[in-house]
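Quick notes on the structure that follows.
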Amino acid sequence: MEPIVKVKDLKKYFGDTKAVDGISFEILKGEIFGLIGPDGAGKTTVLRILAGLLKITSGIVKISDFYLPQDIAKIKENIGYMPQKFSLYTDLTVKENITFFSEIFQIEKKVFDERIVPLMKMTRLYPFMDRLTGNLSGGMKQKLALISTLIHRPKILILDEPTTGIDPVSRREFWEILQSIVVDGVTVITSTPYMDEAEWCSKVGLIFKGHILQIDTPKNFKKKFPFDVFEIETDDKEKIIKKLNEIKEVIDIRILGKKIRVIIKNKDIKEIFDNKTEAKKVKPIIEDIFITKIKSVY
Ligand code: ADP
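Quick note, in this note's numbering, the sequence shown goes up one by one and the last residue is 338.
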């Protein structure tokens, strides 16, 4: 299958700041592609470029059959873009806000009426149609922003950190909605600073300091991870950490409440500790992969 999005050696410099410094990826129709990385990694810059809002410094960006920058108008027709701070009118109702956005996209009233109810039902905002937007929760506002972006039926949906700052239940619900959108053939390109959200994506690009560290499916990330991860439960963290620090095979040590999470290379942690120390081998999570990638250990 020919990718719907192709990005090759993309660079975007703001003066001396290399916000994006040679990024390449391909996205297939119907995929959820997630750019995952901390603040300042370059996520917003990539997404704004794909939405046709920022000029590129160099590289190739192809979306459907169109290229940036020359086909920008055609590209914009295919795209729905939800920025991090999507502007909703707080003094308008939910329905009035959506109506406003449908007018921007010149959607006929009849078409609007057909589309709005399924979208409202899918996001469970239907009972809140007449509520003032200013009185919605953070999660509901994000869902409303999503509907406002979907009302013109874009082929490619670009969402910049849609789940940042909303509660865990709403986050989950938001990702479930995205799963149902791609079933209809829409392609989703999104970003998040939350490593655990990788699980919801069909393909993930780990991004850091303007570079992509690795692109893969969430499953493959874990399969290819070449180290072991252990969790040690202890009342004497200091002693354990001191001991771990002396071992050259230890790559990373993190404290998680009462537990210590250890990434280790080619060594069974049980050899290091006495039998009283409870060490459990656990599956790697994306954060483990990200940390070791940043440390350039593989
Ligand atoms: P993220 O979305 O991952 O937080 P951004 O793409 O917003 O990252 O930013 C990447 C880098 O580019 C940061 O160092 C940021 O300060 C810089 N940057 C982003 N936009 C601009 C701009 N308009 N002018 C100058 N620097 C910018």
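All C-beta atoms, glycine included, are put in the ideal place defined by N, C-alpha and C.
To the nearest angstrom, report how far apart residue 50 and residue 138 are at their CA atoms. Numbered from its first residue, the sequence shown carries residue 50 at position 10. Numbered from its first residue, the sequence shown carries residue 138 at position 98. CA-to-CA, the gap between residue 50 and residue 138 works out to about 34 Å.
Name the DSSP beta bridge partners of residue 199, please? Taking the first residue of the sequence shown as 1, we reach residue 199 at position 159. 122 and 230.
Residue nearest to residue 282 in terms of C-alpha spacing, selected from 267, 65, 260 and 313: Here residue 282 refers to the residue found at position 242 of the sequence shown. Looking at the Cα atoms, 313 is the closest of the given residues.
Residue 238: beta carbon under 7 Å from a heavy atom of ligand 1? Counting from one through the sequence shown, the residue named residue 238 turns up at place 198. Using a cutoff of 7 Å, the CB of residue 238 does not count as near ligand 1, since none of the ligand's heavy atoms is closer than that.
4 or more residues per run - each alpha helix (DSSP H) lying fully within the segment 145 to 182: Runs of the alpha helix (DSSP H) lying entirely within the segment 145 to 182, each at least 4 residues long, are 149 to 162 in chain order.
Check: residue 79 C-beta below 7 Å from any heavy atom of ligand 1: The residue labelled residue 79 in the question sits at position 39 within the sequence shown. Placement of the Cβ of residue 79 at a distance of less than 7 Å from at least one heavy atom of ligand 1 is found.
Roughly how many angstroms lie between the CA atoms of residue 222 and residue 229, to the nearest whole one? If you number the sequence shown from 1, residue 222 lands on position 182. If you number the sequence shown from 1, residue 229 lands on position 189. Using only the alpha carbons, I get a separation of about 11 Å.
What is the DSSP secondary structure of residue 354, counted as helix, strand or coil? With the chain covering 41 to 338 only, the question about residue 354 has no answer from this structure.
Just to confirm, are residue 105 and residue 133 a CB contact at a threshold of 8 Å? Residue 105 sits at position 65 when you count from the first residue of the sequence shown. Residue 133 sits at position 93 when you count from the first residue of the sequence shown. Not closer than 8 Å, so no.
On a CA-only basis, which of 227, 250, 311 and 115 is nearest residue 242? Give me that one, please. By one-based count along the sequence shown, residue 242 stands at place 202. In this structure, 227 is the residue among 227, 250, 311 and 115 with its C-alpha nearest to the C-alpha of residue 242.
Confirm the yes/no value for this check: CB of residue 91, any heavy atom of ligand 1, distance under 7 Å. Working through the sequence shown from its first residue, we reach residue 91 at position 51. When distances are taken from the beta-carbon of residue 91 to the heavy atoms of ligand 1, even the shortest one reaches 7 Å or more.
Euclidean distance between Cα positions of residue 84 and residue 119: As a position in the sequence shown, residue 84 is number 44, starting the count at 1. As a position in the sequence shown, residue 119 is number 79, starting the count at 1. Whole-angstrom Cα-Cα distance: 16 Å.
May I ask whether a heavy atom of ligand 1 can be found less than 7 Å away from the beta carbon of residue 54? Translated into positions along the sequence shown, residue 54 becomes position 14. Residue 54: yes, Cβ under 7 Å from ligand 1.
Proximity below 8 Å, CB of residue 198 to CB of residue 87: By one-based count along the sequence shown, residue 198 stands at place 158. By one-based count along the sequence shown, residue 87 stands at place 47. Here residue 198 is near residue 87, since their CB atoms are less than 8 Å apart.
In angstroms with no decimal places, state the Cα-to-Cα distance between residue 155 and residue 191. Here residue 155 refers to the residue found at position 115 when the sequence shown is read from its first residue. Here residue 191 refers to the residue found at position 151 when the sequence shown is read from its first residue. Those two C-alpha atoms are separated by around 7 Å.
Could you round the C-beta distance between residue 319 and residue 333 to whole angstroms and report it? I think they count as a contact, below 8 Å. In the sequence shown, the residue the question calls residue 319 occupies position 279. In the sequence shown, the residue the question calls residue 333 occupies position 293. Contact flag wrong, Cβ pair sits at about 24 Å.
Between 97, 117, 179 and 294, which lies nearest to residue 61 when the distance is taken from Cα to Cα? Mapped onto the sequence shown, residue 61 falls at position 21. When only C-alpha atoms are compared, the closest one is 97.
Closest residue to residue 90 among 45, 110 and 53 (Cα-Cα distance): Against the sequence shown, residue 90 aligns to sequence position 50. Residue 45 is the option with its Cα nearest to residue 90.
Quick check on residue 211: buried or exposed, where buried means 16 or more other Cβ atoms within 10 Å of its Cβ? On the sequence shown, residue 211 is found 171 positions in, with the first residue counted as 1. The residue is buried, with at least 16 neighbouring Cβ atoms inside 10 Å.
State whether the segment 150 to 169 contacts the segment 112 to 128, with contact taken as three or more CB pairs (one from each stretch) at a distance under 8 Å. Judged by Cβ distances under 8 Å, the segment 150 to 169 makes no contact with the segment 112 to 128, as fewer than three pairs qualify.
C-beta atoms of residue 174 and residue 131 nearer than 8 Å: Position 134 of the sequence shown, counting from 1, holds the residue named residue 174. Position 91 of the sequence shown, counting from 1, holds the residue named residue 131. A Cβ-Cβ contact shorter than 8 Å links residue 174 with residue 131.
Expressed to the nearest angstrom, what Euclidean distance is found between the alpha-carbon atoms of residue 263 and residue 73? Within the sequence shown, the letter at position 223 stands for residue 263. Within the sequence shown, the letter at position 33 stands for residue 73. Roughly 19 Å between the two C-alpha positions.
For residue 330, which of 56, 76 and 70 has the nearest alpha-carbon? Walking along the sequence shown from the start, residue 330 turns up at place 290. The closest CA to that of residue 330, considering only 56, 76 and 70, is found on 76.
Answer with buried or exposed for residue 142, where buried requires no fewer than 16 other C-beta atoms within 10 angstroms of its C-beta. To locate residue 142, count along the sequence shown from 1; it is residue 102. When all chains shown are included, residue 142 counts as buried.
Counting only the same chain and skipping the five closest in sequence on each side, list residues whose C-beta sits under 6 Å from that of residue 126. Residue numbering aside, residue 126 sits at position 86 when the sequence shown is read from its first letter. So the qualifying residues of the chain are 185.
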